[in-house]
Amino acid sequence: MKPASRAVHAGRDLGARSPLAPDLSTAAVHVFTDLDDYDAVARGERPGYYYGRNSNSNREMLERAVAELEGAEAGVATASGMAALHAAILALVPKPATIIATRELYGGTAALLRQDLEPAGYEAQFVDLTDLDAVRRAIPGAGLVIAETITNPLCRVPDLEAIAAIARERGVPFLVDNTFASPLLCRPLELGATVVMHSATKYLGGHSDLVAGVIVGDAETMGRARARSARTGTPLGPFDSWLSLRGLRTLDVRMRRHSENSLALGRAMRSVPAVARVHHPLLEDSPSYEVASRLLPNGSGGMMAFDLEGGRAAVQRMIKRFSLATFAASLGGVETTISYPEITSHRSMSPAERAELGVGAGTVRVSVGIEDGADIIADFTNALAS
């Protein structure tokens, strides 16, 4: 099946009299009448469920579906994207090691590395992963490389295939955050990644009504991640699993519309006098244009950013003039939202650290929704009219 069809059907095997929409199983525990049967299910030797922290039918369907979409052997669904990332890191490098991460890393991931893993003995090195020579210099002695398919918030695209080859030569696992692209636009495992993670809160769920994370990869690594997630109490609950799976069914049509609208808005914003620079990977003047065109031939999703003249005060004025877009600290929903990285995704960084990344007082991240494209453009141009 093509990816669009797989998104509609993945994760389920329908038989006669099966419910077309999956049932919601909220049971915390399952009853057994035979000790040997329970023992076999708990060991994973027989199919079945016994305790909600360890297994649940809705969570299992979601894990299977995302694994199918990404071309992975198995998946693990967790209570948030950060829980998924943490489980993936510790499954790949359970003992302290050097972790190479993209310099333009999402602020929450950077905070996890600096505030939680470094005190435990890990070392984080932040490298410009768009510079392959810098990757080659940094990787000797590393235990893990972390990249984002599309960086947050400046929407740059590293050459995942080239980075994977460099990591593979050194035997270093490669973890890719594919949240911004989704498996409908990019499948990093096919490019050589070891594990792929998603904040399913964003595009996979797609409706701003759940918090979830998913990681996918080989069965052995996912088995370690699943066991740790169960021990630490981070598995995804039944209802958020059910909602996430429902969101997957429309992922293809949503990502196509997000991609069309974001590129159209990016082109329109280049002619707005108040905008100093537009960040979109598929604009011809993007530093990532060549790589993005190769890795994201069907679009780059709904994310873009721009730098507004006048800093925070100008951003504040713009927000108050919107009639369609809203300010919200997340992304990936059907509605158009903006975020201000200085106080949201990158608030844990110092002004100097943000400046080094190119995130300034006027930087605005936009999650472009699936509304009528002309309405979105009109809303932004009107809000920024002098």
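In terms of this note's numbering, the sequence shown opens at residue 1072 and continues consecutively. Cβ atoms here follow ideal geometry from the backbone N, Cα and C, with glycine treated the same way. Since this is a predicted model, take the numbers as computed values, not measurements.
Self-check item: Pair within 7 Å by beta-carbon distance, I1170 and A1195
Solution: Here residue 1170 refers to the residue found at position 99 when the sequence shown is read from its first residue. Here residue 1195 refers to the residue found at position 124 when the sequence shown is read from its first residue. It is a contact, given that the beta carbons lie within the stated cut-off.
Practice problem: Mind checking which residues open and close the alpha helix (DSSP H) that includes S1438? | Solution: Counting from 1 along the sequence shown, the entry for residue 1438 is found at position 367. Where S1438 is concerned, there is no enclosing alpha helix (DSSP H), although the beta strand (DSSP E) it sits in stretches over T1434 to S1438.
Exercise. Could you give the DSSP three-state label for V1079: helix, strand or coil?
Key: Reading the sequence shown from its first residue, position 8 is the one you call residue 1079. V1079 falls in the helix class under three-state DSSP.
Exercise. Whole angstroms is fine: what's the gap from V1112's alpha carbon to A1235's?
Key: Along the sequence shown, one-based indexing puts residue 1112 at 41. Along the sequence shown, one-based indexing puts residue 1235 at 164. Between V1112 and A1235, the C-alpha separation is close to 37 Å.
Practice problem: Could you tell me whether the stretch 1320–1338 touches the stretch 1365–1374, where touching means 3 or more Cβ pairs closer than 8 Å? | Solution: yes
Exercise. Look at the Cβ atom of A1393, then the Cβ atom of D1446, and state whether they are nearer than 7 Å.
Key: Taking the first residue of the sequence shown as position 1, residue 1393 is located at position 322. Taking the first residue of the sequence shown as position 1, residue 1446 is located at position 375. The sequence given here places Phe at residue 1393; Ala does not occur at that position. Not in contact: F1393 and D1446 (Cβ atoms no closer than 7 Å).
Quiz item: Are P1352 and V1228 close, meaning C-beta to C-beta below 7 Å?
Solution: For the purposes of this step, residue 1352 is taken as the residue at position 281 of the sequence shown. For the purposes of this step, residue 1228 is taken as the residue at position 157 of the sequence shown. Yes.
Quiz item: What's the C-alpha gap between S1253 and S1342?
Solution: Within the sequence shown, the letter at position 182 stands for residue 1253. Within the sequence shown, the letter at position 271 stands for residue 1342. Spanning the two alpha carbons is a distance of roughly 29 Å.
Quiz item: If you count every other CB in all the chains shown that lies within 10 Å of the CB of F1245, and 16 or more means buried, which is it?
Solution: Along the sequence shown, read from residue 1 onward, the residue named residue 1245 stands at position 174. Buried: at least 16 other Cβ atoms inside 10 Å.
Quiz item: Where does A1339 sit, in a helix, a strand or coil, going by DSSP?
Solution: Within the sequence shown, the letter at position 268 stands for residue 1339. In the structure shown, A1339 sits in a helix (DSSP, three-state: H, G or I).
Exercise. With DSSP as the reference, please indicate the residues paired to M1326 in a beta bridge.
Key: Your numbering for residue 1326 matches position 255 in the sequence shown. DSSP output for M1326 lists no bridge partner at all.
Quiz item: What residues match up with E1219 in a beta bridge as DSSP calls it?
Solution: On the sequence shown, position 148 is the one that residue 1219 refers to. E1219 is bridged to D1248.
Practice problem: Determine the extent of the alpha helix (DSSP H) in which A1445 is found, giving its start and end residues. | Solution: Stepping through the sequence shown from its first residue, residue 1445 is reached at position 374. Start and end: G1444 to A1454.
Practice problem: Check the Cβ-Cβ distances between A1396 and every residue of chain B, and say whether any is below 7 Å. | Solution: Protein chains in the displayed structure number just one, and chain B is not present.
Quiz item: Does the Cβ of D1289 have 16 or more other Cβ atoms within 10 Å, making it buried, or fewer, making it exposed?
Solution: Within the sequence shown, residue 1289 is the residue found at index 218, counting from 1. D1289 should be labelled exposed.
Exercise. Please name the residue, chosen from R1130, L1307 and G1276, that lies closest to E1406 on a Cα-to-Cα basis.
Key: Taking the sequence shown and counting its residues from 1, the one referred to as residue 1406 is at position 335. The candidate whose alpha carbon is nearest that of E1406 is G1276.
Practice problem: Following the continuous alpha helix (DSSP H) through L1163, name the residue where it begins and the one where it ends. | Solution: Within the sequence shown, residue 1163 is the residue found at index 92, counting from 1. Segment G1152 to L1163, the alpha helix (DSSP H) holding L1163.
Exercise. May I ask you to report which of helix, strand or coil DSSP gives T1292?
Key: Locating residue 1292 in the sequence shown gives position 221, counting from the first residue. Helix at T1292.
Exercise. Tell whether a beta-carbon distance below 7 Å holds between A1138 and A1145.
Key: Locating residue 1138 in the sequence shown gives position 67, where the first residue counts as 1. Locating residue 1145 in the sequence shown gives position 74, where the first residue counts as 1. Yes, the Cβ-Cβ distance between A1138 and A1145 is below 7 Å.
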